[in-house]
Structure formats: structure tokens, C-alpha cells
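>
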Amino acid sequence: KNSETLDRFVGQTNMRGKGDNYNILSVFGPQSSGKSTLLNRLFGAGFPTMDASTGRYQVTLGVCMAKANKTLDKDILLMDLEGTDSKERVSEVLLVNMWMQDIGRYNAANLALLRIVFELNLQLFTKDKSSKTLLLFVIRDHIREMTPLEALRDQMIKDVEKLWGNIMKPTQFEDSKVTDFFDFEFTSLPHKLLQEDLFNKEIELMRDRFVNPNAKGYVFNPKYKKSVPIDDFEMYAKDIWEVIYANKDLDIPTQKEMLAMYRCDEISSALYRPFEEQIIE
């Protein structure tokens, strides 16, 4: 069913016959954490988002796909992920949408999801020795006056390396490093409501990194390219997802477990917010 929907999406977006002249970007993070909003602001994607006035609820069921509207000479396909089963394997670049207050908290929901990404990619890499994937961490609500981006980056690298050391690995990858499979970059955005003008300005600058090959820090480096013709993409994705679903050894949390982790993060954020607002003021 998913593959049929994907094939229909390729047809409806007029992508047939375009070979591999396209890029794929996924966004990843807990439910209701602003993933869809980020893609909408960057690319005019039109993904459904949460109405904050009615409370938090799940708006992305499994995978939502769209074609970016704000591009230059190359199409960008977008995947808005629920974040629990690593469908991002088909992507060249994975945006990790992460709140500043979660950095350094080893049990935060994002790191639990990242563990799944690492384990599944190792399992799949034994069958699909394709290129590396870029993980671009977008740190939300960053208070630069309090903590520089370099310090947040250093902490995240430590957390990622610790996570990699603890995950389940196939025998042939027991001595591998996380950088054998992934590259990492870090950027940040200010608070969307408390610093709205600056947020909008930096969204424009970030967009250039995705759509302009001549931009500093252009993310779609050819080394991340999966080189799958778009007409074959449905079969490529189907094969990967079937391997994921068939693997009974992988410890994928249930939706209840992921929801519990997110609720704990949400409570922490609510307690942190008054302090954050005082810093910005």
C-alpha cells in the first residue's frame, strides 16, 4: 500500500522520466515538535501542522511526502516522518529537529529515535552499501547569548558517540565509528514566536543551503546521492522498508513508549520556558 501511494505521488508531482536529477530530504523528531512547520517555512510544503490553541496531537501518520515549492534548478522531495521506523534510509539528508533544552539530556526522545536510525542503518548497510547520509541537526529556540552553537555541537557529538558505542551492531561493524556511515552538521534557529523577525530571516538563509548549489554550506553534496532514478524509487523504497518490517531483532519502541518520552520532554520544556523568556528579554 505504501509503495502504491509513493508511485502515485511520483506521477502526481510530474517527476516521471527525470532520472536521478532530484534530491530527497527527511525531517525527523518527536511528534508535535515542529518538524512539519520547519519544512513548510523552508520550502512552502503545505504539510499539516498542529493548532497550538487546541493542544498537541499527532498530525503526521507514518510518512507524509511533498515536493518543495521554493527551489531553483533541481526538484527536492520532502519526507515528514513520524520518527519510529527509519524510513529516512532513502534520504540523502536527514534534518534532526531538536530543542536546545534537550541537548545533554541523554534520555531525550530525539536520542531514543536516533538510536533506531543508527541500528537500522547498520542492518540495512549489510545489504545496501550505498553512500553516507548527512545528519543536519537544527537546534530550535537557541539562546545564543547563553550558549554558543559550538558548545552545543560539542555536547551533541559526545552524545552521538556515546549512543553509537551502546547500540547493537552486526559482527562486521563492531569496531566501526559513527562517522563511517554518517556526516554531521549543526545549525540553529531562534525562538519562532519570541524572535519572529530573526527567525524568518534565518529561515531564508537556511533555505539557500538546500536550493543553491553555490551557497556556502550547500547540503546536497554529490557524495550523499543515492543515484536511484525516480522511476525506480518506489521499488527502492519498498525493498528497504520490507527489510525493516521483517527484522524482528530490532528493538523499536512502541508508540506508547515514544509518547511517554515526548510527554516528559514537553513537561521539561514548560518548566524551562519562563527562564528562557527572561533571558531573551
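Position 207 (the sequence shown) corresponds to 207 in the UniProt record's numbering; numbering is contiguous. Every residue, glycine too, gets a C-beta built ideally from N, C-alpha and C. As the structure is a computational prediction, the values presented were derived from the model and not from experiment.
#1: Going by C-alpha distance, which of R41, K238, N40 and D75 is nearest M15?
#2: Contact check, E119 vs M168 under 8 Å by CB: the rounded distance?
#3: Which same chain residues, not among the five before or five after L111, have their C-beta less than 7 Å away from its C-beta?
#4: What are the boundary residues of the alpha helix (DSSP H) that includes S91?
#5: Only counting runs of 3 or more residues, tell me where the beta strand (DSSP E) segments fall wholly within the region 119 to 196, in order along the chain.
#6: Just the Cα atoms here: how many angstroms apart are S176 and P170?
#7: Tell me the DSSP secondary structure of F47 in three-state form.
#8: Which residues in the same chain have their Cβ closer than 7 Å to the Cβ of Q155, if we skip the five residues on either side of it in sequence?
#9: For M98, which residues does DSSP report across the bridge?
#10: So what's K248 in DSSP terms, helix, strand or just coil?
#11: Quick one: grab the DSSP three-state call for N200.
#12: Report whether the distance from the Cβ of F182 to the nearest heavy atom of the ligand NAP is below 6 Å.
#13: Using three-state DSSP, classify S26 as helix, strand or coil.
#14: Could you tell me how far apart the beta carbons of L25 and L95 are, in whole angstroms, since I believe they sit closer than 8 Å?
#15: For a test of the three-state rule: what should DSSP assign to L6, helix, strand or coil?
#16: Does DSSP put L78 in a helix, in a strand, or in coil?
#17: Between N166 and chain B, is any beta-carbon pair separated by less than 7 Å?
#18: Assign A66 to one of three DSSP states: helix, strand, or coil.
#19: Once DSSP output is grouped into helix, strand and coil, what is the label at L72?
#20: Given Y22, which residues of its chain have a CB within under 8 Å of its CB, disregarding the five upstream and five downstream residues?
#21: In this structure, does DSSP put D85 in helix, strand or coil?
#22: Can you tell me which of F184, T179 and L122 puts its alpha carbon nearest to the alpha carbon of L152?
#23: Where does T133 land, buried or exposed, given buried means 16+ other C-beta within 10 angstroms?
#24: From the DSSP output, in three-state form, read off Y236 for me.
#25: Can you tell me whether DSSP reads R105 as helix, strand or coil?
#26: With a threshold of 16 other CB atoms inside 10 Å of the CB of S227, please say whether the residue is buried or exposed.
#27: Please state the DSSP three-state secondary structure of M206.
#28: Could you tell me the distance, in whole angstroms, from the CA atom of N200 to the CA atom of K192?
On the basis of the supplied data:
#1: Among R41, K238, N40 and D75, the Cα nearest to that of M15 belongs to D75.
#2: Confirmed, Cβ separation roughly 6 Å.
#3: Hits under 7 Å: D159 and L163.
#4: Neither: S91 is in no alpha helix (DSSP H) and is coded neither H nor E.
#5: With a minimum length of 3 residues, the continuous beta strand (DSSP E) runs that stay inside the region 119 to 196 are 133 to 140 and 182 to 188.
#6: Near 10 Å, if we compare the C-alpha coordinates of P170 and S176.
#7: If DSSP states are grouped into helix, strand and coil, F47 belongs with coil.
#8: The answer, listed in chain order, is I103 and G104.
#9: Secondary-structure assignment with DSSP links M98 through a beta bridge to I139.
#10: Note on K248: pLDDT 49, under 50, position unreliable in the model; no value is reported.
#11: Assigned with DSSP and collapsed to three states, N200 falls in helix.
#12: As far as ligands go, the structure on display features none, and thus does not contain the ligand NAP.
#13: Per DSSP, reduced to three states, the secondary structure at S26 is strand.
#14: 7 Å between Cβ atoms; contact.
#15: Here DSSP, grouped into helix, strand and coil, assigns L6 to helix.
#16: Correct three-state label for L78: strand.
#17: This model lacks chain B altogether, as it is built from one protein chain only.
#18: A66: strand per DSSP, three-state reduction.
#19: Three-state result, L72: coil.
#20: Counting only Cβ-Cβ distances below 8 Å, and skipping sequence neighbours, we find M15, K74, D75, I76, L77 and I230.
#21: Any reading at D85 must be qualified, since the residue scores a pLDDT of 43, below 50, and its modelled position is unreliable; no value is offered.
#22: Checked all of F184, T179 and L122; the closest Cα to L152 is F184.
#23: T133 should be labelled buried.
#24: Y236 falls in the helix class under three-state DSSP.
#25: The answer is coil: DSSP assigns R105 none of H, G, I, E or B.
#26: With fewer than 16 Cβ atoms within 10 Å of its Cβ, S227 is classed as exposed.
#27: In this structure, M206 counts as helix in the three-state DSSP scheme.
#28: Going from the Cα of N200 to the Cα of K192 covers about 8 Å.
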